[in-house]
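In the working numbering, the protein residues as written are 150 to 328. Ideal placement from N, C-alpha and C gives every residue a C-beta, glycine not left out. Computed from a predicted model, the values in this text were never measured in an experiment. Report on one structure; see the data block that follows.
So this is what it looks like as structure tokens:
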């Protein structure tokens with residue numbers, strides 16, 4: 150399975166890097182391919198290292214203004230013109246999406262895939278990996294949107310919230326019939 154991971158390129162402490170690395174190792178050992186933003190810095194590097202060391206493939210989609218930070222020695226690297234093209238290419242290359250901790254760029258990517266799902270433009274499974282409760286507030290906001298009628302589909306059809314890396318990958322494998 151090609152699993153797109155949206156996540157931060159920031160250098161983060163162990164409460165975020167440990168679960169990210171654990172997910173990456175599970176992904177690689179499972180024979181899956183990481184599709185990610187292509188950067189060789191911060192949490193993006195942690196995940197790419199973990200996947201590669203565990204025998205998984207790496208498919209990066211960087212963007213022109215970040216090309217200097219793109220990882221070398223990957224199975225495939227594409228340089229997009231802009232962020233919109235980058236998101237489109239990441240989603241095109243993916244069978245499933247995992248949202249890890251991140252900033253505004255990660256949030257933008259996450260809401261775009263959920264909007265596409267909401268309108269029936271994709272049926273790819275999406276997991277929000279809620280490491281260390283990072284997305285508790287966002288989950289609460291999504292549930293309020295659902296409760297107050299802002300979502301035309303049940304939240305459970307849009308996104309799966311996982312607290313642990315193993316549960317995130319298990320959900321994806323179950324949804325794709327590859328368990």
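For residue i, the first and last residue of its enclosing alpha helix (DSSP H)
i           : result
residue 191 : 191-202
residue 329 : The requested residue 329 is not part of the displayed model; the chain covers only 150 to 328.
residue 280 : Counting along the chain, residue 280 falls outside any alpha helix (DSSP H), and DSSP gives it neither H nor E.
residue 156 : Per DSSP, residue 156 belongs to no alpha helix (DSSP H) and is neither H nor E.
residue 177 : 163-178
Beta-carbon proximity list for residue i, same chain, < 8 Å, skipping 5 on both sides
i           : result
residue 189 : 197, 218, 219, 220 and 221
Residues near residue i in its chain [Cβ-Cβ closer than 7 Å; skip 5 each side]
i           : result
residue 187 : 209, 210, 211, 219, 220 and 226
residue 283 : 250
Residue j beta carbon less than 8 Å from that of residue i
i           : j           : result
residue 318 : residue 192 : no
residue 299 : residue 277 : no
residue 166 : residue 200 : no
residue 304 : residue 297 : no
residue 233 : residue 155 : no
residue 255 : residue 157 : yes
Separation of residue j from residue i, as counted between CA atoms
i           : j           : result
residue 163 : residue 314 : 14 Å
residue 161 : residue 312 : 18 Å
residue 280 : residue 324 : 21 Å
residue 170 : residue 257 : 23 Å
residue 322 : residue 272 : 14 Å
residue 287 : residue 246 : 17 Å
residue 326 : residue 243 : 16 Å
residue 332 : residue 213 : Missing from the structure shown is residue 332; the chain here goes from 150 to 328 and no further.
residue 239 : residue 269 : 18 Å
Beta-carbon contacts of residue i that lie in its chain and below 6 Å, excluding the five residues immediately before and after
i           : result
residue 159 : 191
Residue range of the beta strand (DSSP E) that includes residue i
i           : result
residue 217 : Counting along the chain, residue 217 falls outside any beta strand (DSSP E), and DSSP gives it neither H nor E.
residue 209 : 206-212
residue 297 : Element bounds for residue 297: n/a, residue is neither H nor E.
residue 319 : No beta strand (DSSP E) holds residue 319; the alpha helix (DSSP H) holding it covers 314-325.
residue 260 : Element bounds for residue 260: not the beta strand (DSSP E) but the alpha helix (DSSP H), 253-267.
residue 271 : No beta strand (DSSP E) holds residue 271; DSSP gives it neither H nor E.
residue 227 : 225-229
residue 247 : 245-248
Practice problem: Determine contact between the stretch 283-291 and the stretch 178-191, defined as no fewer than three beta-carbon pairs at a distance below 8 Å. | Solution: no
Quiz item: Taking one C-beta from the stretch 260-268 and one from the stretch 200-207 each time, how about it: are there three or more such pairs within less than 8 Å?
Solution: no
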